[in-house]
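Novice:
In the UniProt record's numbering, the protein residues as written are 1 to 440.
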């Protein structure tokens, strides 16, 4: 069974002189993070200078990760389709997805959130002040409520996957293990995400409510915001699962009573009791509404996002026109450089001829001597020919602009294991037909 994804062109290049890599018109700036399914890199649109986050996923690894009767690569299409239609200030925007069947990588271009993670990576970090934690938590709940309203489970909520703008607005990011529900029924049986943020019911066999598990993770995130660590820390994942299910959570007595009360509601190990803690109860809790102003943020969730068959087919943005522009630009630069080289050579020969005027070159007359059979008039004609060629580009762009091979470490491109960080095999060689992948 093949994935119903458009066959689009991906033009990957590396400048031999500068070492700068590009994917279509996007210049790779630096690595932002690595994870189980690939990497996230900062990129810049060479047309307008705008910055984006480019998530590069390894399709070979996705194929090996089973999800029900399909693999994750076969499941990702609908998730991409719905994520592209989500529109909320607390959700990172997905701009486009580029794919080519012959290229083992899937490229997802996302909104770049310049402030980075809401907290540093680690199990023991400085806690946030209560007011900052409350503001971030408001944004988190607003974003997750919007996702759940549209039957999207995040499944990996934690401070590292919550990004903050320079203005202090928190945005939910990294939907690498998210799941789109077919109906309002949120019962699922597969756990995903980061073990330390998993609910007790996710740590044992059987079905559980996916939305409820997300809210537990929100509670763990709030706990980490104000404590600087998760409720339970254990390097042994199986022992950690036991701790989450059976150990008592310890709260800092110096924290406000209403904050601890909200945490206890959200981190209640009794599933039946926790089912009573919905978004309405959280948003009206005294700690949440402290100081007022929170209610306006949740005025309306809008209409539910739906995905049609056409949306599924258009989930992957076509990049053929962009690639064509990139190739034409490369051709023009190459030919222009050649023309300049010939002009410089002609001028150099003219200068040499002037310097040697009246000198006997072994009997040859300076007035009739030429270098490599090129006279000034001939060089001028050659230059004019190059200029004409730029104005008469062929309708099909010629193949062949080989660059240095990608020098990325192959081991870094391959998925290792479950990782708290967001997340390649080498690309397929270019082919000489329209509708091809080009990796140079």
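Glycine included, every Cβ here is placed at the ideal spot set by N, Cα and C.
(1) Distance check for residue 95 and residue 232, CA to CA, integer angstroms please.
(2) Give the list of continuous alpha helix (DSSP H) stretches no shorter than 4 residues that lie fully inside the stretch 202-249.
(3) Tell me whether residue 250 is buried or exposed, calling it buried when 16 or more other Cβ atoms sit within 10 Å of its Cβ.
(4) Would you kindly report the start and end of the unbroken beta strand (DSSP E) that includes residue 40?
(5) Helix, strand or coil, according to DSSP, for residue 95 in the structure here?
(6) Classify residue 161 as buried or exposed, calling it buried when 16 or more other Cβ atoms lie within 10 Å of its own Cβ.
(7) When the Cα atoms are used, what is the spatial distance from residue 215 to residue 111?
(8) Please work out which residues of its chain come closer than 6 Å, Cβ to Cβ, to residue 133, disregarding the five sequence neighbours upstream and downstream, and give them in chain order.
(9) Roughly how many angstroms separate the alpha carbons of residue 13 and residue 339, rounded to a whole number?
(10) On a Cα-Cα basis, can you pick out the residue from 41, 122, 100 and 129 that is closest to residue 159?
(11) When we look at the beta-carbon of residue 347 and count the other beta-carbons within 10 Å, is it buried (16 or more) or exposed?
(12) Smallest Cα separation from residue 86: which of 172, 217, 343 and 208?
(13) Please list, in chain order, all residues of the same chain as residue 10 whose beta carbon is under 6 Å from its beta carbon, the five residues on each side excluded.
(14) Is residue 105 close to the ligand MG? I mean its beta-carbon at under 8 Å from any heavy atom of the ligand.
(15) Would DSSP call residue 188 helix, strand or coil?
(16) Considering only the beta carbon of each residue, do residue 90 and residue 143 sit closer than 9 Å?
(17) Residue 15 by DSSP, collapsed to three states: which one?
(18) How many Å lie between residue 203 and residue 18 at the Cα?
(19) Helix, strand or coil, according to DSSP, for residue 132 in the structure here?
(20) Can we say the stretch 27-41 touches the stretch 161-170, given the rule of at least three CB pairs closer than 8 Å?
(21) Cα separation between residue 287 and residue 194?
(22) Reducing DSSP to helix, strand and coil, say where residue 63 ends up.
(23) Once DSSP output is grouped into helix, strand and coil, what is the label at residue 10?
(24) Give the straight-line distance between the Cα atoms of residue 128 and residue 15, rounded to the nearest whole angstrom.
(25) State the beta-bridge partners of residue 449 as determined by DSSP.
(26) Taking DSSP as the reference, what is the three-state secondary structure of residue 258?
(27) Taking the beta strand (DSSP E) that residue 28 belongs to, which residues open and close that run?
(28) I'd like the span of the alpha helix (DSSP H) that includes residue 271, first residue to last.
(29) DSSP three-state call for residue 324: helix, strand or coil?
(30) Could you check the C-alpha separation between residue 260 and residue 269 for me, to the nearest Å?
(31) Which residues in the same chain as residue 447 place their Cβ atom closer than 8 Å to its Cβ, once the five residues preceding and following it in sequence are excluded?
(32) Does residue 118 pass the burial test, meaning 16 or more other C-beta atoms within 10 Å, or should it be called exposed?
(33) Between residue 55 and residue 108, is the Cβ-Cβ spacing less than 9 Å?
(34) With distances taken from CA atoms, which of 38, 62, 280 and 264 is nearest residue 222?
(35) Determine whether the beta carbon atoms of residue 53 and residue 154 lie at a separation below 9 Å.
(36) Just how far apart, CA to CA, sit residue 64 and residue 272?
Specialist: Per the coordinate set shown:
(1) Here the question's residue 232 lines up with position 232 in the chain shown. Here the question's residue 95 lines up with position 95 in the chain shown. Between residue 232 and residue 95, the C-alpha separation is close to 37 Å.
(2) 210-227 and 237-246
(3) To locate residue 250, count along the chain shown from 1; it is residue 250. It counts as exposed.
(4) Numbered from 1 along the chain shown, position 40 holds the residue referred to as residue 40. Taken as a continuous stretch (DSSP letters only), the beta strand (DSSP E) holding residue 40 covers 38-45.
(5) Working through the chain shown from its first residue, we reach residue 95 at position 95. Strand, per DSSP.
(6) Numbered from its first residue, the chain shown carries residue 161 at position 161. Residue 161 is buried by the Cβ-count criterion.
(7) Along the chain shown, read from residue 1 onward, the residue named residue 215 stands at position 215. Along the chain shown, read from residue 1 onward, the residue named residue 111 stands at position 111. Near 25 Å, if we compare the C-alpha coordinates of residue 111 and residue 215.
(8) Counting from 1 along the chain shown, the entry for residue 133 is found at position 133. These residues qualify, in order along the chain: 225 and 226.
(9) Start at 1 with the first residue of the chain shown, and residue 13 comes out as number 13. Start at 1 with the first residue of the chain shown, and residue 339 comes out as number 339. Taking the straight line joining both Cα atoms gives about 23 Å.
(10) Counted from its first residue, the chain shown places residue 159 at position 159. Among 41, 122, 100 and 129, the Cα nearest to that of residue 159 is on 122.
(11) Against the chain shown, residue 347 aligns to sequence position 347. With fewer than 16 Cβ atoms within 10 Å of its Cβ, residue 347 is classed as exposed.
(12) Counting from 1 along the chain shown, the entry for residue 86 is found at position 86. Looking at the Cα atoms, 172 is the closest of the given residues.
(13) Counting from 1 along the chain shown, the entry for residue 10 is found at position 10. Contacts found: 98, 100, 103 and 437.
(14) With respect to the ligand MG, the structure offers nothing, as it holds no ligand at all.
(15) As a position in the chain shown, residue 188 is number 188, starting the count at 1. Residue 188 falls in the strand class under three-state DSSP.
(16) Residue mapping note: residue 90 aligns to position 90 of the chain shown, counting from 1. Residue mapping note: residue 143 aligns to position 143 of the chain shown, counting from 1. Yes, they are a contact pair.
(17) Your numbering for residue 15 matches position 15 in the chain shown. Coil.
(18) Here the question's residue 203 lines up with position 203 in the chain shown. Here the question's residue 18 lines up with position 18 in the chain shown. Those two C-alpha atoms are separated by around 49 Å.
(19) In the chain shown, counting from the first residue as 1, residue 132 sits at position 132. Reduced to three states, the DSSP call for residue 132 is helix.
(20) no
(21) Translated into the one-based positions of the chain shown, residue 287 becomes position 287. Translated into the one-based positions of the chain shown, residue 194 becomes position 194. Spanning the two alpha carbons is a distance of roughly 27 Å.
(22) Within the chain shown, numbered from 1, the residue matching residue 63 stands at position 63. Correct three-state label for residue 63: helix.
(23) Position 10 of the chain shown holds residue 10. If DSSP states are grouped into helix, strand and coil, residue 10 belongs with coil.
(24) By one-based count along the chain shown, residue 128 stands at place 128. By one-based count along the chain shown, residue 15 stands at place 15. Straight-line Cα distance between these residues: approximately 43 Å.
(25) Lying outside 1 to 440, the shown extent of the chain, residue 449 is not represented and no answer is given.
(26) Numbered from 1 along the chain shown, position 258 holds the residue referred to as residue 258. The answer is helix: DSSP assigns residue 258 an H, G or I state.
(27) The residue you call residue 28 lines up with position 28 of the chain shown. First-last of the beta strand (DSSP E) with residue 28: 26-35.
(28) As a working note, residue 271 is residue 271 in the chain shown. Element bounds for residue 271: 271-274.
(29) Here the question's residue 324 lines up with position 324 in the chain shown. With a pLDDT of 44 at residue 324, under the threshold of 50, the modelled position of this residue cannot be trusted, and the question is left open.
(30) As a first step, residue 260 must be located in the chain shown, where it is residue number 260. As a first step, residue 269 must be located in the chain shown, where it is residue number 269. About 15 Å.
(31) Outside the displayed span of the chain (1 to 440) sits residue 447, for which this structure offers no information.
(32) Reading the chain shown from its first residue, position 118 is the one you call residue 118. By the neighbour-count rule (16 or more Cβ atoms within 10 Å), residue 118 is buried.
(33) Along the chain shown, read from residue 1 onward, the residue named residue 55 stands at position 55. Along the chain shown, read from residue 1 onward, the residue named residue 108 stands at position 108. The answer is yes: Cβ separation under 9 Å.
(34) Within the chain shown, numbered from 1, the residue matching residue 222 stands at position 222. Among 38, 62, 280 and 264, the Cα nearest to that of residue 222 belongs to 264.
(35) Counted from its first residue, the chain shown places residue 53 at position 53. Counted from its first residue, the chain shown places residue 154 at position 154. No.
(36) Start at 1 with the first residue of the chain shown, and residue 64 comes out as number 64. Start at 1 with the first residue of the chain shown, and residue 272 comes out as number 272. Roughly 35 Å between the two C-alpha positions.
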